[in-house]
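Chemist: One structure coming up, written as structure tokens, with questions to follow.
Protein chains: 2
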Amino acid sequence: MDWLDQVKWDAQGLVPVIAQEHGTKDVLMFAWMNREALAATAARGQAVYYSRSRQRLWHKGEESGHFQQVHEMRLDCDADVVLLSVTQHGHDPSIACHTGRHSCFFQRLDTRAPAPQWQAVEPVLKDPESIYK
Amino acid sequence: MDWLDQVKWDAQGLVPVIAQEHGTKDVLMFAWMNREALAATAARGQAVYYSRSRQRLWHKGEESGHFQQVHEMRLDCDADVVLLSVTQHGHDPSIACHTGRHSCFFQRLDTRAPAPQWQAVEPVLKDPESIYK
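Residue numbers (numbering that gives the first Met the number 0), protein chains in the order written: chain H, 0 to 132; chain V, 0 to 132.
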């Protein structure tokens, strides 16, 4: 059975993908792939996602230069989620988020406040306007 | 604005959730939460997901005893994915997967084979039949 056929694609033909940094094990981002994107990722060794908003393949780094070199691809027990181990290229320290931050998961729930609230707790490493120009 | 209102729930009222182990930084599993599940997770400090197959709240560990203590909750840049930092209780070494493995992401793409294939590369730590009895 073809490895692409073993993935349980959802009703939109997509699978959720988690990108984890190889060195730090930080979770960098979450995105989606369709069959073509997953095949392209394996073929070129760099992460190629499917952009649901733009409805097309999205070679991560195509605009920012922040490519993701893929070391390993894993599939979960239900065959419906993919985990990538990546090296995030293009900036040191690495930037995976379009906001210019290291990781997309930069908002932490602060439960100490009078009411819980999401707080941005990671610095912007590079102005997004200078990333996407 | 209420922290639960800041989450961009999908058309089904759900948000994807990644559970990462606090100590090892291993990605343990991926699941979904609805508003009630996210509120319950924050309130009790243990992961409560929404089971799409059973269409009800699923307090992780309710059958297996493998509870997840939540240290931190994060929200991504688009406010549509949640990342949990958890301690996986109930077994040592920790078991998050219903197959009795440490992590749900135990299938690795082997690209060396004549054709690429997913290979189970992590051991079963406990027989699932003795976990769910």
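Where is the CB? At the ideal position from N, CA and C, for every residue including glycine.
My output table needs one value for E128 of chain V: the three-state DSSP class, helix, strand or coil.
Modeler: Looking up residue 128 of chain V in the second sequence gives position 129. Three-state result, E128 of chain V: helix.
Chemist: How long is the line joining the alpha carbons of P122 of chain V and F66 of chain V, rounded to whole angstroms?
Modeler: Taking the first residue of the second sequence as 1, we reach residue 122 of chain V at position 123. Taking the first residue of the second sequence as 1, we reach residue 66 of chain V at position 67. Here the alpha carbons of F66 of chain V and P122 of chain V stand approximately 20 Å from one another.
Chemist: In angstroms, rounded to a whole number, what distance separates the CA positions of H70 of chain V and R34 of chain V?
Modeler: Within the second sequence, residue 70 of chain V is the residue found at index 71, counting from 1. Within the second sequence, residue 34 of chain V is the residue found at index 35, counting from 1. Near 19 Å, if we compare the C-alpha coordinates of R34 of chain V and H70 of chain V.
Chemist: Provide the residue span of the alpha helix (DSSP H) that contains E35 of chain V, from first to last.
Modeler: Working through the second sequence from its first residue, we reach residue 35 of chain V at position 36. Boundaries of the alpha helix (DSSP H) around E35 of chain V: R34 to R43.
Chemist: Is the shortest distance between the beta-carbon of M32 of chain H and the beta-carbons of chain V less than 8 Å?
Modeler: Position 33 of the first sequence, counted from the first residue, corresponds to residue 32 of chain H. Answer no: the Cβ-Cβ gap between M32 of chain H and chain V never drops below 8 Å.
Chemist: Could you compute how far the alpha carbon of E5 of chain H sits from the alpha carbon of V80 of chain H?
Modeler: On the first sequence, position 6 is the one that residue 5 of chain H refers to. On the first sequence, position 81 is the one that residue 80 of chain H refers to. Contrary to the premise, residue 5 of chain H reads as Gln rather than Glu in this sequence. Spanning the two alpha carbons is a distance of roughly 11 Å.
Chemist: For chain V, check one thing: does any of its Cβ atoms lie closer than 8 Å to the Cβ of I17 of chain H?
Modeler: For the purposes of this step, residue 17 of chain H is identified with residue 18 of the first sequence, where counting begins at 1. So, interface residue.
Chemist: Nearest to M28 of chain H by CA position, among H:P92, H:H21, H:H90 and H:V16, is which residue?
Modeler: As a first step, residue 28 of chain H must be located in the first sequence, where it is residue number 29. With distances taken between Cα atoms, M28 of chain H lies closest to H:V16.
Chemist: How many Å lie between L74 of chain V and V14 of chain V at the Cα?
Modeler: To locate residue 74 of chain V, count along the second sequence from 1; it is residue 75. To locate residue 14 of chain V, count along the second sequence from 1; it is residue 15. Cα to Cα, the separation comes out at about 10 Å.
Chemist: Can you say whether A10 of chain H is buried or exposed, counting buried as having 16 or more other CB atoms within 10 angstroms of its CB?
Modeler: What you label residue 10 of chain H is simply residue 11 of the first sequence in a count that begins at 1. In the assembly as shown, A10 of chain H is an exposed residue. Its beta-carbon has fewer than 16 other beta-carbons within 10 Å.
Chemist: With a 10 Å radius around its C-beta and 16 neighbouring C-beta atoms as the bar for buried, classify A112 of chain V as buried or exposed.
Modeler: The residue labelled residue 112 of chain V in the question sits at position 113 within the second sequence. Classification of A112 of chain V: exposed, given that the 10 Å Cβ count is below 16.
Chemist: What is the residue span of the beta strand (DSSP E) that L56 of chain H lies within?
Modeler: By 1-based counting over the first sequence, the position of residue 56 of chain H is 57. Looking at the DSSP string, the run of the beta strand (DSSP E) that includes L56 of chain H is R55 to H58.
Chemist: Following a CB-centred definition, is Q11 of chain V positioned closer than 7 Å to any heavy atom of the ligand HEM?
Modeler: Of the ligands one can find in the structure shown there are none, so the ligand HEM has no counterpart to examine.
Chemist: Using a beta-carbon distance cut-off of less than 8 Å, what residues from the region 107 to 131 of chain V approach chain H?
Modeler: Taking 8 Å as the Cβ-Cβ cut-off against chain H, the residues of the region 107 to 131 of chain V that qualify are R107, L108, T110, A114, P115, Q116 and W117.
Chemist: Whole angstroms is fine: what's the gap from Q106 of chain H's alpha carbon to V47 of chain H's?
Modeler: The residue given as residue 106 of chain H occupies position 107 in the first sequence. The residue given as residue 47 of chain H occupies position 48 in the first sequence. When rounded, the distance between both Cα atoms is 25 Å.
Chemist: Could you list the residues in the region 65 to 85 of chain H with a C-beta less than 9 Å from some C-beta on chain V, going in chain order?
Modeler: E71, M72, R73, L74, D75, C76, D77, A78, D79, V80, V81 and L82
Chemist: Mapping the DSSP letters down to three states, classify A18 of chain V as helix, strand or coil.
Modeler: As a first step, residue 18 of chain V must be located in the second sequence, where it is residue number 19. Strand.
Chemist: Mind pulling the chain V residues with CB within less than 9 Å of K59 of chain H?
Modeler: What you label residue 59 of chain H is simply residue 60 of the first sequence in a count that begins at 1. Within 9 Å Cβ-Cβ: nothing; K59 of chain H doesn't reach chain V, min ~14 Å.
Chemist: Which bits of chain B does V26 of chain H rub up against, with CB to CB less than 8 Å?
Modeler: In the structure shown, chain B cannot be found, because the protein chains are H and V.
Chemist: According to DSSP, F105 of chain V sits in a beta bridge with which residue or residues?
Modeler: Residue numbering aside, residue 105 of chain V sits at position 106 when the second sequence is read from its first letter. F105 of chain V pairs with nothing; no bridge assigned.
Chemist: What first and last residue would you give for the beta strand (DSSP E) that runs through Q118 of chain V?
Modeler: Locating residue 118 of chain V in the second sequence gives position 119, where the first residue counts as 1. Per DSSP, Q118 of chain V belongs to the beta strand (DSSP E) from Q116 to A119.
Chemist: Whose C-alpha, out of H:R43, H:T110 and H:Q54, is nearest the C-alpha of G12 of chain H?
Modeler: The residue you call residue 12 of chain H lines up with position 13 of the first sequence. Selected option, being the one with the closest Cα: H:Q54.
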